[in-house]
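Position one of the sequence shown corresponds to residue 1 (UniProt numbering), numbered consecutively onward. C-beta: ideal position from N, C-alpha, C; glycine also. Since the structure is predicted, the reported quantities are computational estimates derived from the model, not experimental observations.
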Amino acid sequence: MTPGTKVVRHNGGSNARLTSIMGLIGCEGVWVGCGDDEREIKPGEIITFDDSVDHWYRHDGTEEHWHIVVGTMHPDLLQKPWIFTNCFNGHTEFEKIRLDKLQEYKKMADEIGYEYPVKGLWDPDLRGMYLPTPGKFESLASS
Numbered sequence: 001m002t003p004g005t006k007v008v009r010h011n012g013g014s015n016a017r018l019t020s021i022m023g024l025i026g027c028e029g030v031w032v033g034c035g036d037d038e039r040e041i042k043p044g045e046i047i048t049f050d051d052s053v054d055h056w057y058r059h060d061g062t063e064e065h066w067h068i069v070v071g072t073m074h075p076d077l078l079q080k081p082w083i084f085t086n087c088f089n090g091h092t093e094f095e096k097i098r099l100d101k102l103q104e105y106k107k108m109a110d111e112i113g114y115e116y117p118v119k120g121l122w123d124p125d126l127r128g129m130y131l132p133t134p135g136k137f138e139s140l141a142s143s
């Protein structure tokens, strides 16, 4: 990581993983934040956090920085593996939209001249590609 680098807030999208980082070289002025906590990365010290929580990196130092990142399965999943069966079986908001609603949104989008950012957007076989925020179109339907 070069001086001045800022890695914006992000998360791993799943609470099944813990992330551990260990500073190697050029650690002075390099910070990792997780939730409301922020810590300076130090050579040889390990910082572990829940990857599902928003985290970020900031390099205020002057030297090139190197650290190692290791992801491990959350220990709760190791101790109670049956709870893993409940992970990843939900639906995204996009998947919850019925095809008839999708066709209704297409009609409204056509009426206002909305330009589709992806060719084939409304093709039911390509539904996973992109969908504009439904709320925008629902408000049009009620007016």
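Skipping 5 residues on each side, what residues in its chain have a beta carbon closer than 6 Å to that of Gly26?
Glu63, Glu64, His65
Residue of Met22, Asp76, Lys80 minimising C-alpha distance to Val69:
Met22
Report all residues from its chain with a CB closer than 6 Å to the CB of Gly71; omit the five preceding and five following residues, and keep chain order.
Arg17, Thr19
Cut-off 8 Å between Cβ atoms - residues of its own chain near Asp54, not counting five sequence neighbours on either side:
Arg9, His10, Asn11, Cys34, Gly35
Is Ile25 helix, strand or coil when you go by DSSP?
strand
Identity of the residue in Gly13, Ser14, Val32, Leu24 nearest Thr5 by Cα:
Val32
Proximal residues to Asp50 (C-beta, below 7 Å), its chain only, five neighbours per side dropped:
Asn15, Leu18
Ile68 in three-state terms, based on DSSP:
strand
Note the first and the last residue of the continuous alpha helix (DSSP H) segment covering Asp60.
Unbroken run through Asp60: none, as it is neither H nor E.
Check for me: the beta strand (DSSP E) holding Asp37 runs from which residue to which?
37 to 40
Going by DSSP in three states, Lys80 sits in which element: helix, strand or coil?
coil
Over what stretch of residues does the beta strand (DSSP E) that includes Val30 continue unbroken?
30 to 34
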